[in-house]
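>
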Amino acid sequence: MELILKDISFYYRRGNVKGEEVLKGITLEFQENRCYLLTGPCGSGKTTLALLLKGLLVPTSGRIFLKSDKISFSSFQNSIGFVFQIPEEQFFKETVEEEVAFGPLMLGLKRIEERVKDGLNSVGLPYKKFRKLSPFNLSSGEQRRLAIASIIACEPSWYIFDEPTAGLDFDGRNKIIELIRKLINKKKTVIIISQELELFLDLCDELIVLEKGRLRLKTEMKTFLEKENLHEMELSLPYHIRVLRILRKRGWNIPVSITDPQQAAAIIADYIV
């Protein structure tokens with residue numbers, strides 16, 4: 051199954067006044083059971099694109115549809131879980147337990163208590179310890195994981211994460227990355243919005259780059275790392291990849307599509323020896 055965007059454009063309105071066009075003629079295909087990294091400079095339209103995928107916004111022009119005879123896009127939207135960048139803006143229930151239960155209840159799902167337990171335990175927030183706590187008294191990392199638990203409890207087949215590691219410390223980032231890795235291993239389709247390329251290079255199958263509301267690039271991750279004009283895309287490349295690219299320009303016959311920093315260090319060491 052494929053989720054297809056065909057010539058999508060979008061602008062926000064202020065009353066009856068048409069604002070600046072945020073997305074301009076975007077055509078994309080997303081296939082199930084793959085992980086996508088959606089990146090680009092601030093203001094390039096990444097979050098707006100994700101909101102369109104979830105159905106929280108409607109395109110000004112163009113179409114979003116499924117390449118499937120079994121289900122329509124409007125029906126499929128409940129199968130997409132969206133984890134917003136600032137989880138505090140999602141929370142409104144008094145307890146963690148109620149927060150996680152809200153989504154399944156709204157969707158009319160069964161086994162609510164079991165879903166809440168499984169959701170919390172799967173993100174490292176033990177049910178018995180956290181169930182009666184206030185979501186607003188958790189740490190930033192715990193709130194981020196609670197937001198993910200709330201989505202997991204609904205058992206979507208697709209997940210969208212908007213800047214999932216923003217504002218977290220080293221330990222918090224690693225826990226979120228491992229949670230996403232588990233979802234990928236379960237054959238879930240994952241779309242990650244982030245400017246922190248180094249955190250997700252080895253997780254994602256494909257890279258999508260937006261720039262000023264337009265699609266600049268869609269490519270396999272390793273193909274992207276081999277491109278010569280990356281400096282033109284205003285992307286912050288991981289340090290080890292920048293080093294590899296500099297060394298190749300100086301005549302070293304080494305690969306530059308290495309996502310693991312330790313592997314990159316070993317390649318450089320072997321070349322020197």
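To convert, take the position in the sequence shown, counting from 1, and add 50; that gives our numbering. C-beta: ideal position from N, C-alpha, C; glycine also. All of these numbers come straight from a predicted model, not from anything done at the bench.
According to DSSP, Glu164 sits in a beta bridge with which residue or residues?
As a first step, residue 164 must be located in the sequence shown, where it is residue number 114. In the DSSP assignment, no residue is bridged to Glu164.
> Work out the CA separation of Lys178 and Leu324 for me, nearest whole Å.
No statement about residue 324 is possible, as the shown extent of the chain runs from 51 to 323 and does not include it.
> How many whole angstroms separate the CB atoms of Ile198 and Val173, which I take to be in contact at a CB cut-off of 8 angstroms?
Residue 198 sits at position 148 when you count from the first residue of the sequence shown. Residue 173 sits at position 123 when you count from the first residue of the sequence shown. 5 angstroms between Cβ atoms; contact.
> Could you give the distance in angstroms between the alpha-carbon of Ile322 and the alpha-carbon of Arg295?
Walking along the sequence shown from the start, residue 322 turns up at place 272. Walking along the sequence shown from the start, residue 295 turns up at place 245. Their backbone Cα atoms lie some 16 angstroms apart in a straight line.
> With distances taken between CB atoms, is the gap from Val133 to Tyr209 smaller than 9 angstroms?
Position 83 of the sequence shown, counting from 1, holds the residue named residue 133. Position 159 of the sequence shown, counting from 1, holds the residue named residue 209. In this structure, the beta-carbon distance from Val133 to Tyr209 falls below 9 angstroms.
> For Phe274, count neighbouring Cβ atoms within 10 angstroms of its own Cβ and tell me buried if that reaches 16, exposed if not.
As a first step, residue 274 must be located in the sequence shown, where it is residue number 224. Phe274 should be labelled buried.
> From what residue to what residue does the beta strand (DSSP E) around Glu270 run?
Looking up residue 270 in the sequence shown gives position 220. Start and end: 264 to 270.
> Quick check on Phe142: does DSSP put it in helix, strand or coil?
The residue you call residue 142 lines up with position 92 of the sequence shown. Coil, per DSSP.
> From this set, Glu52, Gln81, Pro154, Val146, which residue's C-alpha is nearest Arg181's C-alpha?
Along the sequence shown, one-based indexing puts residue 181 at 131. Arg181 has its Cα closest to that of Val146, out of Glu52, Gln81, Pro154, Val146.
> Pick helix, strand or coil for Ile318, following the three-state DSSP scheme.
Position 268 of the sequence shown holds residue 318. Helix at Ile318.
> According to DSSP, is Thr309 part of a helix, a strand, or is it coil?
The residue given as residue 309 occupies position 259 in the sequence shown. In the structure shown, the three-state DSSP call for Thr309 is coil.
> Taking only the alpha-carbon atoms, compute the straight-line gap between Ile318 and Leu249 and give it to the nearest angstrom.
Position 268 of the sequence shown holds residue 318. Position 199 of the sequence shown holds residue 249. Cα-Cα distance, rounded: 21 angstroms.
> Can you tell me which residues form a DSSP beta bridge with Glu79?
The residue you call residue 79 lines up with position 29 of the sequence shown. Partner(s): Ile54.
> For the beta strand (DSSP E) holding Val293, just list the boundary residues, first then last.
On the sequence shown, position 243 is the one that residue 293 refers to. Counting along the chain, Val293 falls outside any beta strand (DSSP E), though it belongs to the alpha helix (DSSP H) covering 289 to 299.
> DSSP beta-bridge partners for Phe60?
If you number the sequence shown from 1, residue 60 lands on position 10. Phe60 is bridged to Leu73.
> What separation, rounded to the nearest whole angstrom, lies between the Cα atoms of Glu270 and Leu175?
As a first step, residue 270 is located in the sequence shown; it is residue number 220 there, counting from the start. As a first step, residue 175 is located in the sequence shown; it is residue number 125 there, counting from the start. Between the alpha carbons of Glu270 and Leu175 lies a gap of roughly 34 angstroms.
> Would you mind working out which of Lys262, Arg300, Ser244, Lys268 sits nearest Leu287, comparing C-alpha positions?
Counting from one through the sequence shown, the residue named residue 287 turns up at place 237. If we check each option's Cα against that of Leu287, Ser244 comes out closest.
> Using 9 angstroms as the threshold, is the C-beta distance between Ile201 and Thr215 below it?
Residue 201 sits at position 151 when you count from the first residue of the sequence shown. Residue 215 sits at position 165 when you count from the first residue of the sequence shown. Cβ atoms of Ile201 and Thr215: not closer than 9 angstroms.
> For the alpha helix (DSSP H) that contains Thr98, what are its first and last residues?
Here residue 98 refers to the residue found at position 48 of the sequence shown. Here the alpha helix (DSSP H) through Thr98 covers 96 to 104.
> For my contact list, Pro185 and Leu196 are in at a C-beta cut-off of 8 angstroms; report their separation, rounded to the angstrom.
Your numbering for residue 185 matches position 135 in the sequence shown. Your numbering for residue 196 matches position 146 in the sequence shown. Sure, about 6 angstroms apart at Cβ, within 8 angstroms.
> Taking the beta carbon of Pro137 as the centre, do at least 16 other beta carbons fall within 10 Å, making it buried, or is it exposed?
Against the sequence shown, residue 137 aligns to sequence position 87. By the 10 Å Cβ count, Pro137 comes out buried.
> Compare the C-alpha of Lys272 against each of Leu265, Leu257, Arg264, Ala315 and name the closest.
Mapped onto the sequence shown, residue 272 falls at position 222. Comparing Cα positions, the closest option is Leu257.
> Which of the three DSSP states, helix, strand or coil, is assigned to Thr273?
Within the sequence shown, the letter at position 223 stands for residue 273. Helix.
> When we look at the beta-carbon of Lys117 and count the other beta-carbons within 10 Å, is it buried (16 or more) or exposed?
One-based indexing of the sequence shown puts residue 117 at position 67. By the 10 Å Cβ count, Lys117 comes out exposed.
> Rounded to whole angstroms, what is the Cα-Cα separation between Lys225 and Asp255?
Here residue 225 corresponds to residue number 175 of the sequence shown, with the count starting at 1. Here residue 255 corresponds to residue number 205 of the sequence shown, with the count starting at 1. If you take the alpha carbons of Lys225 and Asp255, they lie about 20 angstroms apart.
> When we look at the beta-carbon of Tyr86 and count the other beta-carbons within 10 Å, is it buried (16 or more) or exposed?
In the sequence shown, counting from the first residue as 1, residue 86 sits at position 36. Buried, because 16 or more other Cβ atoms sit within 10 Å of the Cβ of Tyr86.
> Taking only the alpha-carbon atoms, compute the straight-line gap between Ile114 and Val240 and give it to the nearest angstrom.
The sequence position of residue 114 within the sequence shown is 64, counting from 1. The sequence position of residue 240 within the sequence shown is 190, counting from 1. About 18 angstroms.
> Pull up the DSSP beta-bridge partners for Asp212, would you.
As a first step, residue 212 is located in the sequence shown; it is residue number 162 there, counting from the start. In DSSP, Asp212 forms a bridge with Ile243.
> Could you tell me which residues DSSP pairs with Thr89 in its beta bridges?
Working through the sequence shown from its first residue, we reach residue 89 at position 39. The partner list for Thr89 (beta bridge, DSSP) reads Val259.
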